[in-house]
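Under the UniProt record's numbering, residues 1 to 386 are what the sequence shown spells out, in order. Presented below is the structure to which this report refers.
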Amino acid sequence: MMRGVLEDAANLPRPWAAMARWLRLIPAPVLVLTTVTRPGPQLLGGGKPVLVALVALAVLGNLSQLPQLRLPRRLVRTGLLIFVVTSCLLTVAAPGSSAFINPLLGVHWAVRRSTNTLATITVVVACAGQITGVLLRHDSAVAAFALVLGTVAVALSGLVWRSREARTEQTQLALAREQQAREEHARAAALAERARIARELHDVLAHSLAGLSLNLQTARLLLAREGASAEVMARIEQAQRLAADGIAEARQAVAALRDDPVPPHRRIADLVAAVRLEGAAAADVVVDGTPRELPAEIAQALHRVAQEALTNARKHAPDGTIRVVLEYRPEHVVLTVSNTDGRPAPTVVAGGYGLVGMRERAEQVGGELEAGPVADGWRVRLVVPA
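Here is the structure:
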């Protein structure tokens, strides 16, 4: 019974649990000290060599029960049976020793840890060994009955511990499932709330910005017809660009809340649509190849480079034609933004964010950026591995 308490390390603090696991080594020194040094009267032939052999086998069987050795399950069960059998033989070979304790420990281990078949065999062997020792020592039947009763009591205590551990394991499993269910419920509630916020953003903010952009476009056309000043037109165009950028950002926020990231070709198409909506320049987008899912950093780099290139095109060539081509190749994705107005591109002064920022983004994702004048305009070309 005390052995079972020491083995029940599940509810002990970590240092005490480790000590309880190592207490499986107690039977080995007990066997050596009580059997070899004080063997008592010999009831088996062979003398010391037989005792030493039995003790060695019992010690090996004892060591096989250490969980720290991580032995195969079959070897652990075999070692347990060897420990019980040799311990019973030692009680016969050295009746004056305290080796009779070890079969009881073996019975407790077998009932608590092993299969029902091995536990039954262990109990039968232990009882037979105890009775045989009593008969060879010519003890009374009361002694034999007491030893058998003690063996059965130890087996029953092992069953109690086994049942308790099974209930504890089932309780822990039920608690783990309940915790998992609570986490899934909380996750589902969070997703539902994010979906609600996404719907609100889409139905209110995005639609409002779209209406604002259309009204600004109408106001710009009316002001242009009435001959408004350049400053007023610039303000209207700036407000229209802000509204278009807000629409794109609102769509990205909705997609992020829904855990449904917008693919690069759609994000770039939204940017081009915003350019067309402003009416400042003719713009179109072409997607070559089959779109596929890209890493987040690659998609972000494509989006930001396209955004910066389109901004520069609207700023420096507002009357030109913008063409965006996104190519999905087997190992690369190529983005080309070109604007043409029939005139050579002006020299670009280095040092601003424009080209420097785009090149930094390209380098961060292992890509290459080419930007420079062409025969009738300007071209930006980004190649990224994906």
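Quick reminder that beta carbons are idealized off the backbone N, C-alpha and C, glycines included. Quick caveat: nothing in here was measured; it's all calculated off a predicted structure.
Between residue i and residue j, is the Cβ-Cβ spacing less than 8 Å?
i, j, result
"Val-365", "Val-384", "yes"
"Met-233", "Arg-220", "yes"
"Gly-79", "Gln-65", "yes"
"Ala-239", "Leu-216", "yes"
"Asp-284", "Val-272", "yes"
"Val-55", "Leu-89", "no"
"Val-337", "Ala-375", "no"
Under 8 Å by Cβ, that's how I've got residue i and residue j pegged, so tell me the actual separation to the nearest angstrom.
i, j, result
"Gly-133", "Val-76", "26 Å between Cβ atoms; not a contact."
"Leu-156", "Gln-130", "Not confirmed; about 16 Å, so no contact."
"Ala-299", "Pro-264", "5 Å"
"Gly-106", "Thr-122", "6 Å"
"Ala-306", "Ile-268", "5 Å"
"Val-325", "Val-286", "5 Å"
Shortest alpha-carbon distance to residue i belongs to which of the options?
i, options, result
"Leu-212", "Ala-224, Glu-231, Ala-186, Leu-242", "Leu-242"
"Arg-314", "Arg-276, Gln-300, Val-334", "Arg-276"
"Ala-386", "Ala-301, Gly-372, Gln-307", "Ala-301"
"Val-85", "Pro-72, Ile-268, Pro-373, Leu-118", "Leu-118"
"Gly-354", "His-316, Gly-320, Asp-376, Gly-367", "His-316"
"Ile-197", "Ala-253, Glu-249, Arg-187, Leu-149", "Ala-253"
"Asn-339", "Arg-361, Arg-359, Gly-372", "Gly-372"
"Leu-104", "Ala-153, Val-59, Asn-116, Arg-381", "Ala-153"
"Val-59", "Ile-82, Val-50, Arg-74", "Ile-82"
"Ala-166", "Val-325, Arg-73, Arg-113", "Arg-113"
"Leu-159", "Ile-322, Arg-74, Asn-116, Arg-292", "Asn-116"
"Asn-214", "Glu-237, Ala-195, Glu-231", "It should be noted that the sequence gives Leu, not Asn, for residue 214. Measuring from the Cα of Leu-214, the nearest candidate turns out to be Glu-237."
"Arg-323", "Ala-282, Asp-270, Ala-195", "Ala-282"
Please report the straight-line C-alpha distance between residue i and residue j, rounded to a whole angstrom.
i, j, result
"Val-333", "Glu-184", "38 Å"
"Ile-101", "Val-111", "16 Å"
"Thr-290", "Ala-296", "18 Å"
"Glu-327", "Leu-335", "6 Å"
"Met-108", "Arg-182", "In the sequence under discussion, the amino acid at residue 108 is His, which differs from the Met named in the question. Near 39 Å, if we compare the C-alpha coordinates of Arg-182 and His-108."
"Ala-53", "Arg-177", "51 Å"
"Leu-71", "Leu-173", "26 Å"
"Leu-135", "Gln-180", "59 Å"
"Trp-378", "Ala-228", "31 Å"
"Cys-127", "Arg-187", "58 Å"
"Gly-320", "Arg-266", "23 Å"
"Ala-244", "Ala-274", "5 Å"
"Val-36", "Ser-87", "Annotation note: pLDDT 49 at Val-36 (below 50); position unreliable, no value reported."
"Trp-161", "Val-50", "36 Å"
"Ala-362", "Glu-249", "22 Å"
"Ala-141", "Val-125", "18 Å"
"Glu-193", "Leu-294", "27 Å"
"Thr-171", "Ala-144", "41 Å"
"Leu-149", "Leu-63", "27 Å"
"Arg-304", "Thr-168", "56 Å"
"Glu-231", "Asp-270", "28 Å"
"Arg-74", "Arg-292", "52 Å"
"Glu-368", "Arg-359", "8 Å"
"Leu-191", "Leu-175", "24 Å"
"Asn-312", "Ala-189", "44 Å"
"Glu-370", "Val-262", "26 Å"
"Leu-382", "Leu-222", "39 Å"
"Arg-235", "Thr-218", "14 Å"
"Ser-163", "Gly-61", "25 Å"
"Leu-57", "Thr-151", "22 Å"
Taking 7 Å as the cut-off, is the beta-carbon of residue i closer than that to any non-hydrogen atom of the ligand MG?
i, result
"Glu-293", "What this structure holds is no ligand at all, so the ligand MG is not there to describe."
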